[in-house]
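Per full-length UniProt numbering, the sequence shown starts with residue 1, numbered consecutively.
Ideal placement from N, C-alpha and C gives every residue a C-beta, glycine not left out.
Encoded as structure tokens, the structure appears first; notes follow it.
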Amino acid sequence: MDIPPEANSSVWAVSGGGFHSMAIYGPKRRVVEWPPVNVEGDPRANGTLRGPPAGLTDVVAVAAGQDHSLALRRGGKVVMWTRRLSGGDADVLPRHIARANVRAISAAQGGGPFSLFLLRNGSVIEWPVRNYSAHYVARPDALLASGRVKAVAAGWEHALALLDNGTVVAWGGRRVSASGPSNSIKSVTVPPAAQANVVAIAAGRAHSLALLANGSVVAWGTPLYSSSGASCAAESCKRSPPPPAGPNGVPAVALSGVKAIAAGRDIAVALLPGGRVFVWGPTYFGLYLHVVPPEAESGVIAIAGGSSWWLAVKGS
């Protein structure tokens, strides 16, 4: 994936979506996206391509969805551009969101185009509002309106919220699949280890991550490891990959000292001391321990996961 010139320096933050990536760059905090996005289906198709609105500046956070984009401006206002999410040609947020004082945003990278908006009063809005039938874990509306939420993360079919007491709540996730209980429902079954001392959360297709105050990563949902342990492509392995060490296959290197976490479709990303990036999880080629390019071995200050890739911001 070619990185555009705007994202080669002075980058403030990044986000990976279902088909595209986003970055905030430059002194005016503008937004750049790549590749062309927001068409019905394949982003390479010839259709009505929509990029960031002209004149969009003062952006403090971005969230790339399945094929929609969100930008949070300084002052708490959200800008959205898409075709699929609003169901028409206009990029229109509902009035109660457009007028809200938003603190953080999160967009689902796949499965269903929904977004989460964390307001400055600690409450959460999910939009579009999804129909949680008996096949899904119900949204904890009382908790989301309580003013106690500190962070949110949108997965494919599930969502996470971090409360002010360091606990994680989860909702969504299909209860059953053709073969029995689905990994999607496992992604909303919060383990005891993530029910206290959590400082950050991330959600993938059917897995969830929590970062504890002691620098340890907790994972649940789809196992991000092979039955025989970690593996990597022979041509790119310089040393034998370590086997899974923690619960649900969290590698030993991610059990202490982790500074930040991110999740992609089927991967987990951890930022280690010294700005080193570590990535694990399956790919289409059976790779479970991802090779990190030399540029991401040190000096990284921010990370993000996309549907089949991950992003890192280097410090100056």
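- Secondary structure at K186: helix, using DSSP grouped into helix, strand and coil.
- In this structure, the CA atom of H135 is about 13 angstroms from the CA atom of V188.
- Per DSSP, the beta-bridge partners of V313 are A302.
- Under a 10 Å Cβ-count criterion, V78 is classified as buried, with 16 or more other Cβ atoms of the shown protein chains found around its own Cβ.
- Spanning the alpha carbons of T167 and L255 requires a straight line of approximately 18 angstroms.
- Around the beta carbon of E295, a 10 Å sphere encloses fewer than 16 other beta carbons of the protein chains shown; the residue is thus reported as exposed.
- Excluding the 5 residues flanking it on each side, N101 has same chain C-beta neighbours closer than 7 angstroms at G76, L119 and R120, in chain order.
- Taking all protein chains shown into account, S115 has 16 or more neighbouring C-beta atoms within 10 Å of its C-beta and is therefore buried.
- Residue burial is scored here from C-beta neighbours: W309 has fewer than 16 other C-beta atoms within 10 angstroms and is therefore classed as exposed.
- For A203 against A263, the beta-carbon gap comes to about 6 angstroms, under 8 angstroms, which counts as contact.
- In the structure shown, I3 falls within a coil segment according to DSSP collapsed to helix, strand and coil.
- Between R148 and D164, the C-beta gap is smaller than 8 angstroms, which places the two residues in contact.
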